[in-house]
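Peer 1:
There are 2 protein chains.
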Amino acid sequence: MPKMMPKPTTIEHVDLDVLEDTLSFYIRTMNIAVSRDLDARLDGCDVARGTGKITTLLLVDSHPGIRPSVIAQIIMKDRSAMGRLIEQMIEHDLLRRQTSASERRAQELYVTPKGAELAAMIRPIVTKQSKDFFSFIAEEEQAQVMDILRRAYRKMVGMTGG
Amino acid sequence: MPKMMPKPTTIEHVDLDVLEDTLSFYIRTMNIAVSRDLDARLDGCDVARGTGKITTLLLVDSHPGIRPSVIAQIIMKDRSAMGRLIEQMIEHDLLRRQTSASERRAQELYVTPKGAELAAMIRPIVTKQSKDFFSFIAEEEQAQVMDILRRAYRKMVGMTGG
DNA sequence: AAAAATAGTTGCATTTGTCCACTATTTGCC
DNA sequence: GGCAAATAGTGGACAAATGCAACTATTTTT
């Protein structure tokens with residue numbers, strides 16, 4: 001059994017040591033691959049690179065007036081990183097920001113026409129990309145994994161109800 | 001149906017739009033969380049931050065003489081990123097490098113005593129971290145997800161045999 | 001012998017993430 | 001009412017990681 005093969009020169013001879021049975025390894029590695037693929041598909045789209053932009057755009061589009069801090073929780077960024085992200089998207093004329101009347105500390109975010117257009121454009125792309133990318137996993141298993149990770153995610157960010 | 005809730009001020013009122021059913025979203029998000037947690041546990045350990053170091057150390061430890069380019073494939077980095085990673089680990093006296101006799105373009109990597117020690121130290125930590133982190137997922141489901149992702153990963157990097 | 005492929009290195013520009021301190025506003029408590 | 005603490009967002013500095021492209025050295029192909 002390959003537990004100490006010397007000088008492997010091709011990937012086929014390699015076993016992954018304890019990482020072989022480590023879920024976090026696969027999550028971390030698949031993340032790299034899936035993110036790269038997604039970036040490639042959105043190339044030049046104003047929304048590319050990094051985890052935040054897509055989620056932010058879609059979230060603001062379907063939740064007009066949502067606050068930066070809420071989005072920050074959802075994508076697990078700290079407020080300063082979130083602020084910069086929003087700043088960037090405002091410069092690109094995708095979002096618009098205004099101070100909340102009832103909570104003058106907070107802001108309400110809205111999409112611009114251009115932002116709405118882009119949201120409509122990327123929605124199907126994002127969905128398709130995920131399906132395509134994982135197409136070598138059977139539909140059923142894909143759903144299984146997603147179901148489990150969804151629950152994990154929800155617990156993690158503190159989404160209790162549906 | 002929450003499809004256009006205005007001004008949600010807490011995360012519980014938010015639905016994730018199409019991302020709700022997008023596997024890539026969960027992979028990307030869980031990646032952030034699990035990586036952060038892992039970094040925290042390995043704080044100061046010489047191996048922390050970024051996906052590569054741990055895998056590299058363990059791989060070199062259990063496959064003496066392995067080449068940088070093979071590791072690069074496994075962790076999905078390009079050669080330049082891999083080179084820098086190795087450089088860093090050599091500076092920290094974890095690895096040692098020598099030109100292959102048969103293939104003078106290539107290098108063989110070996111762990112130093114310090115590297116071997118660290119490998120032995122982090123092996124259980126990495127395993128435990130993954131188990132702990134995903135502990136709110138039932139053992140059985142954890143195994144299920146891992147099994148599926150493992151197969152996906154193998155196909156992706158071109159590991160055919162076992 | 002020339003051309004192409006492979007392994008690795010280096011430099012550079014871009015991005016990203018993190019930490020910390022700072023302002024403004026609201027809430028809670030006395 | 002008034003003061004302290006919590007919350008929302010901003011801004012700066014700094015360390016890393018990433019990706020791209022050009023470059024050397026070696027091997028393989030033709």
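Residue numbers (our numbering), protein chains in the order written: chain A, 1 to 162; chain B, 1 to 162.
Note that CB positions come from ideal geometry on N, CA and C, so glycine has one too.
Keep in mind the model is a prediction, meaning the values are calculated, not measured.
Note down the Cα distance separating Gly162 (chain B) from Glu12 (chain A), rounded to an integer number of angstroms.
Peer 2: Walking along the second sequence from the start, residue 162 (chain B) turns up at place 162. Walking along the first sequence from the start, residue 12 (chain A) turns up at place 12. A caution first: Gly162 (chain B) carries a pLDDT of 46, below 50, which makes its placement in the model too unreliable to give a value.
Peer 1: In angstroms, rounded to a whole number, what distance separates the CA positions of Met1 (chain A) and Asp17 (chain A)?
Peer 2: The sequence position of residue 1 (chain A) within the first sequence is 1, counting from 1. The sequence position of residue 17 (chain A) within the first sequence is 17, counting from 1. Note on Met1 (chain A): pLDDT 45, under 50, position unreliable in the model; the coordinate value appears next. Cα to Cα, the separation comes out at about 12 angstroms.
Peer 1: Answer yes if the region 141-150 of chain B comes into contact with the region 76-89 of chain B, meaning at least three C-beta pairs across the two stretches below 8 angstroms, and no otherwise.
Peer 2: Not touching, per the Cβ criterion.
Peer 1: Are the beta-carbon atoms of Leu166 (chain B) and Leu19 (chain A) separated by less than 9 angstroms?
Peer 2: Outside the displayed range of chain B (1 to 162) lies residue 166 (chain B), so it cannot be described from this structure.
Peer 1: For a test of the three-state rule: what should DSSP assign to Gly158 (chain A), helix, strand or coil?
Peer 2: Within the first sequence, residue 158 (chain A) is the residue found at index 158, counting from 1. DSSP places Gly158 (chain A) in coil when its eight states are reduced to three.
Peer 1: For Leu94 (chain A), which residues in chain B fall below 9 angstroms Cβ to Cβ?
Peer 2: Locating residue 94 (chain A) in the first sequence gives position 94, where the first residue counts as 1. Simply none; closest approach about 15 angstroms.
Peer 1: Going by C-alpha distance, which of A:Ile148, A:Pro8, A:Glu139 is nearest Gln73 (chain B)?
Peer 2: Within the second sequence, numbered from 1, the residue matching residue 73 (chain B) stands at position 73. Cα-wise, what sits closest to Gln73 (chain B) is A:Pro8.
Peer 1: If we count the other Cβ atoms within 10 Å of its Cβ and call it buried at 16 or more, is Glu140 (chain B) buried or exposed?
Peer 2: Numbered from its first residue, the second sequence carries residue 140 (chain B) at position 140. Exposed, because fewer than 16 other Cβ atoms sit within 10 Å of the Cβ of Glu140 (chain B).
Peer 1: Quick check: what's the CA-CA separation for Met30 (chain A) versus Gly115 (chain B)?
Peer 2: Counting from 1 along the first sequence, the entry for residue 30 (chain A) is found at position 30. Counting from 1 along the second sequence, the entry for residue 115 (chain B) is found at position 115. So the alpha carbons of these two residues sit roughly 27 angstroms apart.
Peer 1: Please decide whether Pro129 (chain A) counts as near chain B, where near means a Cβ-Cβ distance under 9 angstroms.
Peer 2: In the first sequence, counting from the first residue as 1, residue 129 (chain A) sits at position 129. One detail in the question is off: residue 129 (chain A) reads as Gln in this sequence, not Pro. Gln129 (chain A) counts as touching chain B.
Peer 1: Starting from the C-beta of Thr112 (chain A), find all residues in its chain whose C-beta is less than 8 angstroms away, skip the five residues before and the five after it, and write them out in chain order.
Peer 2: For the purposes of this step, residue 112 (chain A) is identified with residue 112 of the first sequence, where counting begins at 1. Correct list, in chain order: Asp93, Leu94, Leu95, Arg96.
Peer 1: Specify the secondary structure class of Val111 (chain B) as computed by DSSP and reduced to three states.
Peer 2: Indexing the second sequence from 1 puts residue 111 (chain B) at position 111. In the structure shown, Val111 (chain B) sits in a strand (DSSP, three-state: E or B).
Peer 1: Among all the DSSP beta bridges, which residues are the ones paired with Arg97 (chain A)?
Peer 2: As a position in the first sequence, residue 97 (chain A) is number 97, starting the count at 1. According to DSSP, which records beta bridges pairwise, Arg97 (chain A) is partnered with A:Leu109.
Peer 1: Using a threshold of 8 angstroms, is the CB atom of Arg36 (chain B) nearer than that to any non-hydrogen atom of the ligand PLP?
Peer 2: The ligand PLP is not part of the structure shown, which contains no ligands of any sort.
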